[in-house]
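Report on the structure given below.
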Amino acid sequence: MMSSWPTELRLAKDRRTLHVTFEDGASFALPAELLRVESPSAEVQGHHPTQKTIVPGKAGVEILRVEPVGHYAVRLGFDDMHDTGIYAWDYLRELGEQMEEKMRAYEAALAEKGLSRERRR
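Here this note's numbering is used: the sequence shown runs in plain steps of one and ends on residue 140.
Structure (structure tokens):
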């Protein structure tokens, strides 16, 4: 059973932040970069925790589409053409609550592999 239901889901004008407010008043401004690199898709997460892909070069990525998936999630489409992740409400809440930790872990994983957040032009 769902523990978190959003009351508002709003994409910022610059398309780089998704604002989510939940019925209990918790509110998060989720950066598009975090949403992209933590996409729940198999392409990013793999089928086992050891298969997770570290996705470099997503600083400045934009969200082009926010599409409802039933009453339980949204599918986000990004300007790098990634659009296979389905973000359940509980997962959006988890990303909001753990945003700083997840970004630190992402940056550490990039550094370990000699990769960068910066987009190549």
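Yeah, the Cβ is synthetic: ideal placement off N, Cα and C, and Gly gets one too. No experiment lies behind these values; they were computed from the predicted model shown.
Start and end residues, beta strand (DSSP E) containing residue i
i	result
Met34	Correcting the residue identity first, residue 34 is Arg in this sequence and not Met. No beta strand (DSSP E) contains Arg34, which DSSP labels as neither H nor E.
Leu49	Ser46 to Pro50
Those residues which DSSP pairs with residue i across a bridge
i	result
Glu86	Arg94
Tyr106	Val93
Val39	Leu28 and Phe47
Neighbourhood of residue i by C-beta distance below 6 Å, restricted to the same chain and skipping five residues each side
i	result
Ser58	Gly104
Ala107	Tyr91 and Ala92
Val88	Arg94 and Ile105
Met20	Low confidence applies to Met20: its pLDDT is 41, below 50, so where it sits in the model is not reliable enough to give any reading.
Phe47	Val39 and Gly115
Residue i versus residue j - alpha carbon distance
i	j	result
Ser60	Arg112	17 Å
Asp109	Asp33	25 Å
Gly76	Asp43	35 Å
Ser135	Arg29	28 Å
Leu83	Leu37	11 Å
Glu27	Glu86	14 Å
Val63	Arg55	9 Å
Glu131	Gly79	21 Å
Gly65	Thr72	7 Å
His67	Glu120	21 Å
Residues near residue i by beta carbon distance below 8 Å, same chain, minus five either side
i	result
Trp24	Phe41, Glu42 and Trp108
Rounded distance between the beta-carbons of residue j and residue i, thought under 8 Å
i	j	result
Phe194	Glu116	The structure shown does not extend to residue 194, since the chain is modelled only from 20 to 140, so the question has no answer here.
Met118	Leu49	7 Å
7 Å Cβ shell around residue i - same chain, five flanking residues per side excluded
i	result
Leu129	Ile73, Pro75, Ser135 and Arg136
Chain C within 8 Å of residue i, Cβ atoms only
i	result
Val39	Protein chains in the displayed structure number just one, and chain C is not present.
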